[in-house]
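Written below as structure tokens is the structure these notes are about.
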Amino acid sequence: MSGGGTVVGHVEQSPVEAWISRRELLKFKQKLTIFSWGTDEKAIVAVLGYRNAPQRRQIRIAYEQLFEEDLVKRFESELSGHLERAVYRWILDPEDRDAVLAHVALRKPNEDFAVLVEFSCIYSPEEFLAVRRAYQHRYKRSLEEDVAANTHDDFRKLLVGLVSAYRYNGGEIDARLAKSEAEILERAVKDKAFNHEDVIRILTTRSKAQLIATFNHYKDANGISISKQLGQDRAANEFTEALKTVIRCINDPVKYYEKVVRNAIKKVGKSDEDALTRVVVTRAEKDLRQIKEAYHKRNSVTLDDAVKKETSGDYKHFILALLAMATLIVPRDVPSANVDAEALRTAFKGWGSDEKAIISILAHRNAIQRRHIRIAYEQLFQEDLIKRLESEISGHFERAVYRWMLDPEDRDAVLANIAIRKPKEDFAVLVELSCIYSPEELLGVRRAYQHRYKRSLEEDVAASTNDDLRTLLVGLVSAYRYNGADVDLSLAKSEAERLERAIRDKTFYHEDVVRILTTRSRPQLVATFNHYKDAYGISISEQLSSDKAGKEFTEALRTIIECIDDPYQYYEKVVRNAIKRVGKSDEDALTRVVVSRAEKDLRQIKEAYHKRNSVTLDDAVSKETSGDYKRFILALLGN
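Right, dumping it as structure tokens:
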């Protein structure tokens, strides 16, 4: 089964998003300082809501090194209520967070066995083993020990069996075993001998694939699913409820989580933000996209809208931030890098490459997983995977896969170099990198560029441009903008007036214009653009568009403003124009947006496209592209 995270799949460490800088951390600490005014919760949400697990760990480490203070404890003292619990669970390492959730469940007056069942039946054996290790490290007792101490009789046997299991994780199925064990389960259900040791043995030891085969045989043989059969038992008790939860978690985890979220939403404001928080924080980097889709399908309302309606305040803003979405779908149980490498090697054999196999693997792995596959492939076969791919596939498909396989900052360095080398330099790529990327991300691209080409990006931009355009573009790519949220309104007013004079006098290239656009922070520039529109009744980009001179310099200015003002709208326009030209000349632009944003904000770009064009981006790509290229792009779009 596939899963698609909303922060970016399951990530071990990522170069995709920028680490927080020392200056940002200093600002972050200021936001945490209470004085008499209270903590700036929006700043906390803005930072932590958009960082993956390794980045959050780096922030914790950097914070402690800089300020000699534990960030998690600081949050506990500064925040409260549902927001504090959500942030606390998000900032911990995933396995540590899950250990805490298990411990909280065990300490409840009426033990919440569902949490334990989720971890033992949905997590991979390795993931769950990490949770058990984290539990032991944190509480100096084993998880099994605490489960045994808090349960009794058959219920204890079932739960201890679940949390101590290390299931086989392969896909092999024994059909005869599935048939015989389906019959055992059917007899137990018929005789209400739910607690029979065979039932516990089957559910706690068999692989997920084997159990699904058993459940399917049960349904085929009896005309009803085992979970529905159990649901008909009016004398349901804690044990049978646990059995139903085990079966649901194994049979369809996405459907199970949808039900948990639906029940939590119904109770929000009363007692169950905890369940909503648990699902969102534990699945945001895994399969929350599929859970959201299941919720929408089941309830005819999006999960985002339900959360907006039923929650409030900073807790609402934080949960919505975690629901924000990439489109990359990463399998719930990812094979090892060696297994993927061997599968790719097999795909390369014979009379032609198995492109479908290549897509099924590479289009469903995040940046770190792709890097591990490259390393494993080279170690196993003494061959560079990227070079092998270049020799096996061709055309737009080859270029898309090549760009996807590179580390993100290396890919962006390649895109910048290609843009610079075009007969007519494609400045839009350089503007995107310098105006949409964070300062740290752009710095990563510049480092990668220098490492790959043995020249600085600024050097090549300067050599490929001239006059005022050179001044503007070199200023952009060499900038390290302040990344905080502070805005000086009087400065916004004065600089809006300065920009208006430049446009009125057609002195677009004035050094003040270049200085403002290349050095100010994004929030400051957005405030300036807003003031411009309020004062002059027209947006600055519309004002520039009315200039018919159409010079390259004014085109660059418009692109800068569009990238800073609304990146999603900007990318939607790039994709729309690319789709119009697909089959002619601009698959490159479509590829660029999809591969560079698939692990970031492609969902929002897709939504903007749908809103603007009344057709989904998936449908447009299906119509206007073809072959393996189409299949690959659609996979990155979340199909």
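Going by the UniProt record's numbering, the sequence shown opens with residue 1, and the numbers climb by one from there. Backbone N, C-alpha and C define an ideal beta-carbon position, used for all residues, glycine too. It should be emphasised that the depicted structure is a prediction, and the values quoted were computed from it without experimental measurement.
In terms of residue numbering, what span does the alpha helix (DSSP H) encompassing residue i cover?
i           : result
G161        : D153 to S164
E398        : G395 to M405
T277        : E273 to R283
Y123        : Run containing Y123: none; DSSP gives neither H nor E here.
S464        : L457 to S464
F632        : G627 to L636
S77         : L71 to E78
E624        : L617 to E624
T543        : Here residue 543 turns out to be Gln, not Thr, going by the sequence shown. Start and end: I540 to S545.
H103        : P94 to R107
A341        : A337 to F348
residue 683 : Here the chain has residues from 1 to 639 only, and residue 683 is not among them.
S207        : Careful: S207 lies outside any alpha helix (DSSP H) and carries neither H nor E.
M228        : Sequence check: residue 228 is Lys here, not Met. Note, K228: alpha helix (DSSP H), I226 to G231.
T311        : Run containing T311: none; DSSP gives neither H nor E here.
Apply the 10 Å Cβ neighbour rule to residue i and answer buried if 16 or more other Cβ atoms are within range, or exposed otherwise.
i           : result
K208        : buried
E495        : buried
S36         : Legend: pLDDT at S36 = 35, less than 50; position of this residue unreliable, value from coordinates given subsequently. Exposed, by the Cβ-count rule.
residue 655 : Past the boundaries of the shown model lies residue 655; the chain is included only from 1 to 639, so the question cannot be answered.
V261        : buried
N466        : exposed
V503        : For the record, residue 503 in the displayed sequence is Ile; it is not Val. Buried, because 16 or more other Cβ atoms sit within 10 Å of the Cβ of I503.
T311        : buried
A419        : buried
Y480        : exposed
E383        : exposed
A635        : buried
G638        : buried
L158        : buried
I291        : buried
V7          : Low per-residue confidence applies at V7: pLDDT is 44, beneath 50, and the placement is therefore not dependable enough to give any value.
D505        : exposed
K42         : exposed
R283        : buried
V280        : buried
A556        : buried
D512        : exposed
Y166        : exposed
H152        : exposed
Relative to the C-alpha of residue i, which residue among the options is closest?
i           : options                   : result
residue 640 : T204, D488 and N417       : Here the chain comprises residues numbered 1 to 639, so residue 640 is not present and cannot be evaluated.
L48         : A86, S300, A347 and V514  : A86
I44         : P54, Y449, E64 and L71    : L71
V117        : V147, K140, A134 and R365 : V147
L389        : A221, D426 and T346       : T346
K580        : N613, C563 and K244       : N613
S553        : L473, V254 and V461       : Per the sequence shown, residue 553 should be read as Phe rather than Ser. Comparing Cα-Cα distances from F553 to each of L473, V254 and V461, the minimum goes to L473.
A367        : K73, S596 and R74         : S596
R278        : V100, I200, K422 and R399 : V100
N52         : L92, R187, T205 and I633  : L92
I436        : Y570, D426 and L83        : Y570
V445        : A428, R370, S478 and D410 : D410
F119        : P94, F348 and G627        : P94
K551        : I561, F508, Y532 and T528 : F508
I319        : D566, R56 and R89         : R89
V431        : D412, R447 and A134       : D412
H451        : I564, P125 and V414       : V414
E607        : K259, A324, T205 and L243 : A324
List the whole-angstrom C-beta distance separating residue i from residue j, where the pair is believed to meet the contact cut-off of C-beta under 8 Å.
i    : j    : result
L211 : I250 : 5 Å
Y295 : L303 : 4 Å
E587 : Y629 : 7 Å
A341 : L380 : 5 Å
D154 : F239 : 6 Å
I633 : V594 : 6 Å
L143 : V163 : 5 Å
D98  : A105 : The Cβ separation is near 10 Å, so there is no contact.
A337 : I361 : 11 Å between Cβ atoms; not a contact.
E572 : I605 : 6 Å
T518 : G475 : 4 Å
T214 : A428 : Actually they are not in contact, since the Cβ atoms of T214 and A428 sit about 55 Å apart, beyond 8 Å.
Give a yes or no on whether the minimum CB-CB distance between residue i and chain D is below 8 Å.
i    : result
R133 : This model lacks chain D altogether; it includes just one protein chain.
Practice task
Report yes or no: do the segment 438-455 and the segment 562-582 share at least 3 C-beta pairs separated by less than 8 Å?
Solution key: no
Handout entry: contact_flag[the segment 126-146, the segment 258-269] where n(CB pairs < 8 Å) is 3 or more
Key = no
Exercise for the section: Could you tell me whether the segment 391-402 touches the segment 518-525, where touching means 3 or more Cβ pairs closer than 8 Å? Expected result: no
Practice task
Count the CB pairs spanning the segment 163-172 and the segment 251-259 that are closer than 8 Å, and state whether there are at least three.
Solution key: no
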